[in-house]
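J.: First residue of the sequence shown? That's 0 in numbering that gives the first Met the number 0, and the numbers climb one at a time after it.
Idealized CB from N, CA, C, for every residue including glycine.
As the structure is a computational prediction, the values presented were derived from the model and not from experiment.
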Amino acid sequence: MKRHFPGGASVSILFTDGSREVFTGQRLNEIYDEALAAYRAGNHLDAKGFNRGPRKKVQETIEFIPVSPGMSA
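(1) Is it right to say Leu13 is buried, meaning 16 or more other beta carbons lie within 10 angstroms of its own, or is it exposed?
(2) Is it the case that the Cβ atoms of Phe22 and Ser71 are separated by a distance below 8 Å?
(3) Quick one: give me the first and last residue of the beta strand (DSSP E) that Glu20 is part of.
(4) Using the C-alpha atoms, what's the distance from Glu33 back to His43?
(5) Could you pull the DSSP bridge partners for Val10 from this structure?
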């Protein structure tokens with residue numbers, strides 16, 4: 000994910016087990032922020048002086064976030 004979704008957006012995800020779940024944009028943004036914080040903490044990016052604020056060329060990000068059935072609530 001390269002950006003946040005609008006809070007009111009609805010995103011339907013079809014999982015490999017055949018189940019389908021609808022996530023709100025706000026919930027996906029929360030999941031993304033949690034995953035990014037865990038990634039940054041795990042790689043000590045904040046301790047190395049990387050700023051959490053937006054920059055023009057941001058390379059220390061994640062592209063995919065893990066979601067599973069039941070996370071939309």
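T.: Let's see:
(1) The count along the sequence shown starts at 1 and reaches residue 13 at position 14. It is exposed - the Cβ of Leu13 has fewer than 16 other Cβ atoms within 10 Å.
(2) Position 23 of the sequence shown holds residue 22. Position 72 of the sequence shown holds residue 71. Yes; because the gap between Cβ atoms is below 8 Å, this pair is in contact.
(3) Position 21 of the sequence shown, counted from the start, is the residue given in the question as residue 20. Here the beta strand (DSSP E) through Glu20 covers Arg19 to Thr23.
(4) Here residue 43 refers to the residue found at position 44 when the sequence shown is read from its first residue. Here residue 33 refers to the residue found at position 34 when the sequence shown is read from its first residue. For His43 and Glu33, the distance between alpha carbons rounds to 15 Å.
(5) Numbered from 1 along the sequence shown, position 11 holds the residue referred to as residue 10. Per DSSP, Phe22.
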